[in-house]
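Contents: one structure, followed by commentary.
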Amino acid sequence: MKFGPVPLEDAAGCILAHKTNLPDRVLKKGHVLTEEDCRDLLENGRKTLVAARVEAGDIEEDEAARRLGLAAMGPDVSGDTAFTGRMNLYADTAGILVVDTDAVIAANRIDPAITFATLPNHSKVMPDRMIATAKIISFAVSDADLERAEKAVGGAVRIAPFRPRKVGLVATCLPHLKTKTMDKTRRVLEDRLRASG
């Protein structure tokens with residue numbers, strides 16, 4: 002990827018690096034410039050823009066984030082649609098998050114533009130809790146670096162689901178202990194266990 006000032010005559014197809022205002026519209030950061038955009042900017046006195054040009058062998062940020070996120074997904078994990086270079090991963094079930102931290106560190110060391118972050122290893126999670134994020138910092142990354150990151154982070158995030166177990170409660174009756182106190186203790190315990198299935 003090439004990044005820097007681009008003459009507007011050559012900017013069609015480039016990715017805009019900064020929000021840019023025109024009299025009738027706003028071009029947002031990340032917008033792919035059209036011939037019409039470039040013509041309108043020239044007519045309004047602009048000569049160059051800071052932009053990124055995706056080159057052969059580069060993968061754009063959303064596709065790169067999607068691939069990295071999919072590579073990291075282990076059992077009981079799902080992802081959302083990649084947007085603005087980010088794909089979030091979520092727990093599909095209640096359980097304990099299990100992260101291969103060495104794999105995550107290895108993937109993050111490949112290129113500063115390729116990042117993968119998680120909740121702390123062994124966190125208790127519930128269904129639909131966001132547990133990790135694949136993020137591409139720049140507008141594109143090299144396919145070769147992305148492939149290395151995919152391989153490094155492969156299956157690094159999974160959920161160890163809670164499994165139902167029998168639970169017994171032993172309560173000692175004392176002469177001064179009220180029945181409603183013992184009932185409340187049982188209800189509180191049931192509520193705590195219910196969250197884990």
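Start counting the sequence shown at 2; every next residue gets the next number (the working numbering).
In this text, a Cβ means the ideal position worked out from N, Cα and C, and glycines have one as well.
Small disclaimer: the values here were computed from a predicted structure and weren't measured.
Member of the options whose CA lies at the smallest distance from the CA of residue i
| i | options | result |
| --- | --- | --- |
| P121 | A114, E10, M131, P113 | M131 |
| A53 | K3, G96, Y91 | K3 |
| R88 | T186, V142, T116, R193 | This sequence places Met at residue 88; Arg is not what is there. It is T116. |
| D103 | R187, L175, T119, V7 | T119 |
| G198 | M183, P128, R187 | P128 |
| K167 | T182, H177, K181, R195 | R195 |
| A57 | D81, M183, A83, S143 | S143 |
| D25 | N45, P76, H19, V7 | N45 |
| R164 | D59, T94, A114 | T94 |
Cβ separation of residue i and residue j, assumed to be a contact under 8 Å, to the nearest whole Å
| i | j | result |
| --- | --- | --- |
| S139 | E62 | 7 Å |
| G31 | T85 | 7 Å |
| L175 | L190 | Actually they are not in contact, since the Cβ atoms of L175 and L190 sit about 18 Å apart, beyond 8 Å. |
Residues of its chain near residue i, where Cβ-Cβ distance is below 8 Å and the 5 sequence neighbours each way are ignored
| i | result |
| --- | --- |
| V33 | G14, C15, I16, L17 |
| T35 | A13 |
| V55 | M2, I16, E61, F140, A141 |
Buried/exposed call for residue i, threshold 16 Cβ in 10 Å
| i | result |
| --- | --- |
| K152 | exposed |
| G96 | buried |
| T182 | exposed |
| A136 | Per the sequence shown, the amino acid found at residue 136 is Lys instead of Ala. Result: buried. |
Cutoff 7 Å; reference residue i; Cβ partners in own chain excluding five residues on either side
| i | result |
| --- | --- |
| R47 | L9 |
| L100 | Residue 100 is actually Val in this sequence, not Leu. These residues qualify, in order along the chain: T119, N122, A157, V158. |
Beta-carbon contacts of residue i that lie in its chain and below 6 Å, excluding the five residues immediately before and after
| i | result |
| --- | --- |
| S124 | L98 |
| G80 | G70, M88, L90 |
Counting pairs of beta carbons, one from the segment 144-162 and one from the segment 65-73, are three or more of them closer than 8 Å? Yes, the segment 144-162 is in contact with the segment 65-73.
Can you confirm whether the segment 39-47 touches the segment 102-111 when touching is taken to mean that 3 or more C-beta pairs between the two stretches lie within less than 8 Å? Flag = no, the segment 102-111 and the segment 39-47 do not touch.
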